[in-house]
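These notes are about the structure you will find just below.
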Amino acid sequence: MSILFSERTKTFHLFNQEISYVMTVLPNGHMGQLYFGKKIHHKEDFSYLQEKVQRAMAACVFDDDATFSLEHIKQEYGVYGTTDFRHPAVSILQKNGSTLSDFLYESHRITEGKPKLPGLPATYTEEPKEAETLIIKLRDPLTGIVLELFYTIFAKGGILARSVRFQNEGTEAVQLKRAMSLCMDLPDSEYDWLQFSGAWARERHLKVRRLEQGIQAVDSIRGNSSHEQNPFIVLKRPTADETQGEVIGFSLVYSGNFLAQAQVDTQDTTRVLLGIHPFGFGWKLDPGASFQTPEAVMVYSSRGLGDMSRTFHRLYRSRLARGYWRDRERPILNNNWEATYFDFTEDRLVEIAKKAKECGVELFVLDDGWFGDRRNDHAGLGDWIVNRELLPGGISGLAEKIEALGMRFGLWFEPEMVNPDSDLYRAHPDWILKTPGRHASLGRHQHVLDFSRREVVDAVYVMMKKILSEAKVSYVKWDMNRSITECYSEALPADRQGEVFHRYILGVYDLYERLTSEFPEVLFESCASGGGRFDPGLLYYAPQGWASDDSDAVERLKIQYGTSFCYPVSSIGSHVSVTPNHQVYRDTPLHTRANVAYFGTFGYELDLNKLAGEEIIQVKEQIRFMKTYRKLIQFGDFYRLSSPFEKNITAWMVVSEDRRQAVVGWYRTLNGANVPLGRLRLSGLDENLSYCVCEEGLESGACYYGDELMNAGLVTTENGAMDGTLSEKHSCDFDSRIYVLKAED
Ligand code: GLA
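Numbering (our numbering), first residue to last: 104 to 848.
See the structure below:
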């Protein structure tokens with residue numbers, strides 16, 4: 104890895120074994136983009152890559168040079184209005200009403216490692232040698248605004264992390280109206296655009312379309328990164344697939360309003376913008392003040408989508424997630440939500456926990472309903488004080504009982520919310536986000552607390568800290584069950600209302616930071632009505648997130664498959680729930696529910712007492728299996744094999760780092776009659792090793808070389824498909840299998 108600068112040509116070349124990123128100071132002093140892609144040889148001069156064509160209709164920067172128009176020139180942080188007509192990376196409203204700026208290169212510095220982003224989550228290094236950071240300083244002479252562009256290249260993987268910092272060194276306040284984290288101008292538009300979209304209970308479904316002249320975008324202006332879209336997009340060459348071809352992933356380490364956009368211009372240049380959504384955004388920058396954008400991470404791979412995903416997984420698992428649980432196998436949990444909803448007593452909880460313990464569960468989680476007057480979702484949010492009628496011994500009493508069973512205890516909170524029917528709201532009705540003179544809309548009967556205010560965050564912190572200090576709580580599920588409406592903070596003046604959405608998220612991060620530092624061994628799991636805030640920002644604080652409120656195994660195939668494009672298995676909260684399923688009323692076999700949930704953090708979302716004896720034997724077996732293989736599953740290399748968005752068969756696998764072990768998940772949505780011979784081509788194995796392949800639950804299997812399994816494939820159709828000997832287990836809808844592969848010595 105290296106960052107080289109040529110004084111003569113004013114060219115920067117950042118490279119490692121995988122990628123090169125080249126940019127230069129343009130003749131007008133702006134930063135120009137020259138190349139991003141597979142690693143190329145270093146040279147001092149790449150200026151031939153800059154467009155120098157005289158075009159009809161072009162407006163030009165210099166009176167005597169008809170070739171220099173910013174309209175199609177690739178830039179690092181494009182501005183609008185001075186010959187570039189594309190959507191810009193930055194827009195700054197000045198006192199005289201102008202929004203033009205002219206950021207000129209001033210200097211740069213190169214540091215080892217990676218500086219922290221104040222108040223914001225970001226990838227990091229543990230050793231300085233893991234990465235190098237280039238910081239380019241530009242200045243707009245008229246306003247005195249200084250812009251610093253941060254680029255971190257990691258030693259390993261095709262990763263470039265970027266962010267931007269503004270500093271007002273002028274004498275007048277300005278309003279940042281648009282401050283994207285990343286602007287990436289690519290020289291052509293031969294790409295498919297991949298986005299991960301959906302809705303509540305249907306998150307992160309993969310959608311693919313061809314880039315076209317004009318704008319394509321995904322975004323959220325709901326205050327949370329959202330169920331509807333994820334702050335992650337991929338551009339892939341149309342011929343690229345899981346195992347080959349050029350792809351670039353763009354991911355925003357942020358949990359609030361975002362915009363991810365690609366604009367293709369008339370000359371087929373593609374401008375990707377990623378950052379805080381400019382809609383409604385404004386940040387007043389007083390003289391002397393600074394503003395830091397969230398981080399954006401780009402991953403380039405010439406080896407297809409699978410390689411890109413594994414690069415994100417490694418980075419986010421080990422250099423974004425932090426703390427005690429980062430590298431630890433995640434406890435198998437039993438959550439009482441779908442088992443009881445609000446209808447529980449302490450005895451009932453202990454009964455559920457006892458059965459869970461008997462089956463091998465390690466952590467019992469008490470979900471919503473334990474505090475204040477919370478007997479349904481109309482009351483109590485905000486009052487983080489235990490309801491003693493329900494839990495006479497308090498949280499500490501219940502936690503002790505669970506611990507005495509030999510399990511850990513976990514607890515649900517929804518820190519950012521308040522019901523109007525709560526003591527907190529009665530005491531502080533002004534602590535919610537609401538616009539003066541306007542109706543304050545409820546969502547799930549609750550308001551959103553104004554986390555842009557320090558005293559509000561402090562008050563919630565004090566309540567949560569008390570509970571977590573007094574009782575032995577080992578896990579916290581942090582929920583967030585509505586989007587933000589009537590966004591306005593009473594604590595801020597009119598010219599700072601554009602800051603509220605971002606300040607809110609900074610408040611969330613601040614509370615997370617305080618609690619995770621105060622209770623470093625507590626495992627935090629993020630949640631927002633399932634996957635409404637499943638984003639890299641929260642992974643920095645909570646190494647796992649409840650992926651969706653939809654716990655149906657078949658629905659989960661798409662959700663988990665889509666999620667895997669950016670997020671590691673260790674981050675994906677996934678549980679076995681009852682049938683008929685509570686979201687889609689589907690009956691799926693117990694083995695399939697577990698076979699899907701294995702590829703995540705794993706747990707149960709049901710009362711195991713209600714299962715038949717046969718099923719309990721199966722559950723014990725499942726837990727035993729997960730304990731044996733969870734290290735491999737949660738921390739191995741993940742390969743997608745067959746897509747639920749395209750096929751009746753979904754398949755994926757994880758391979759250990761030394762490639763001696765692998766676990767394959769195979770799922771068939773609908774059964775068929777007289778089906779063709781199924782062969783599943785595996786990935787990531789060592790071609791020269793011979794692997795013994797065992798179906799889960801069977802003692803022995805046949806052995807095949809890695810090259811056979813990867814090229815000829817693993818045969819998945821039973822011999823007895825039509826001879827009547829096929830077991831019912833393997834002749835049903837929603838069937839699935841787990842194969843375990845072990846290399847022979
Ligand atoms: C949200 C979560 C669920 C559960 C409920 C409790 O919907 O996603 O898992 O915690 O809240 O109210």
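In this text, a Cβ means the ideal position worked out from N, Cα and C, and glycines have one as well. As the structure is a computational prediction, the values presented were derived from the model and not from experiment.
- Here the distance from the Cβ of aspartate 470 to the nearest heavy atom of the ligand GLA is below 7 Å.
- Proximity of the segment 592-603 to the segment 366-385 meets the contact definition, three or more beta-carbon pairs being nearer than 8 Å.
- Among the bridge pairs identified by DSSP, tyrosine 688 is matched with none.
- Looking at His380, Ala363, Ser358 and Tyr294, the one whose alpha-carbon comes closest to that of isoleucine 324 is His380.
- Residue burial is scored here from C-beta neighbours: phenylalanine 165 has fewer than 16 other C-beta atoms within 10 angstroms and is therefore classed as exposed.
- Contact between glycine 247 and tyrosine 612 is ruled out by a C-beta separation of about 29 Å, above the 8 Å threshold.
- DSSP lists Tyr794 as the bridge partner or partners of tyrosine 807.
- Below 8 Å, too few C-beta pairs join the segment 305-319 and the segment 214-234 to call them touching: fewer than three.
- For the set Phe445, Pro434 and Leu452, the Cα lying nearest the Cα of glutamate 465 is the one of Pro434.
- Boundaries for asparagine 698: no beta strand (DSSP E) harbours it, while the alpha helix (DSSP H) harbouring it runs 693-700, taken from the DSSP string.
- Under the DSSP assignment, proline 334 falls in the beta strand (DSSP E) whose first and last residues are 332-339.
- At a Cβ-Cβ threshold of 8 Å, tyrosine 732 and asparagine 437 do not count as neighbours.
- Remark: C-beta atoms of tyrosine 607 and proline 539 do not approach each other more closely than 8 Å.
- For serine 201, the three-state secondary structure derived from DSSP is coil.
- Between the C-alpha atoms of aspartate 205 and valine 277 there is a straight-line separation of about 14 Å.
- The three-state secondary structure of methionine 567, taken from DSSP, is helix.
- The three-state reading of DSSP puts cysteine 286 in strand, counting E and B together.
- Look at tryptophan 581: its beta carbon is at least 7 Å from all of the heavy atoms in the ligand GLA.
- Secondary structure remark: continuous alpha helix (DSSP H) runs of at least 4 residues inside the segment 401-482, in chain order: 407-422, 440-443 and 449-462.
- Taking proline 341 as the centre and dropping the five residues before and after it, the same chain places the C-beta of Asp295 closer than 6 Å to its C-beta, in chain order.
- With a 10 Å radius around the Cβ and a threshold of 16 neighbouring Cβ atoms, aspartate 148 comes out exposed.
- Proximity of the beta carbon of asparagine 360 to the ligand GLA is not indicated: no heavy atom of the ligand is located closer than 7 Å.
- Counting of Cβ neighbours within 10 angstroms places serine 354 among the buried residues, the total reaching 16 or more.
- Short of 8 Å from the beta carbon of isoleucine 535, and not among the five residues preceding or following it, lie these beta carbons of its own chain, in chain order: Val521, Tyr528, Ala543, His550, Val551, Leu552 and Asp553.
- The C-beta distance from histidine 133 to valine 125 rounds to 15 Å, too long to meet the 8 Å contact threshold.
- Two segments are said to touch when three or more pairs of C-beta atoms, one from each, lie closer than 8 Å; by this definition the segment 773-782 touches the segment 809-821.
- Secondary structure at glycine 816: coil, using DSSP grouped into helix, strand and coil.
- Residue range 317-323 is occupied by the beta strand (DSSP E) that includes glycine 317.
- The criterion of a C-beta distance shorter than 8 Å is not satisfied by threonine 414 and serine 786.
- Counting C-beta pairs with one atom in each stretch, the segment 468-480 and the segment 491-509 have three or more that are closer than 8 Å, which means they touch.
- For the options Val681, Leu173, Glu790 and His685, the alpha carbon positioned closest to that of proline 692 is the one of Val681.
- By the Cβ neighbour-count rule, arginine 406 is buried, with 16 or more other Cβ atoms within 10 Å of its own.
- Contact check for glycine 768 against phenylalanine 702 passes: the beta carbons are separated by less than 8 Å.
- Cα atoms of histidine 605 and valine 156: separation of roughly 41 Å, rounded to the nearest angstrom.
- In the DSSP annotation of this structure, the continuous segment of the beta strand (DSSP E) that includes serine 105 starts and ends at 105-109.
- Under the DSSP assignment, histidine 380 falls outside any beta strand (DSSP E); it carries neither an H nor an E label.
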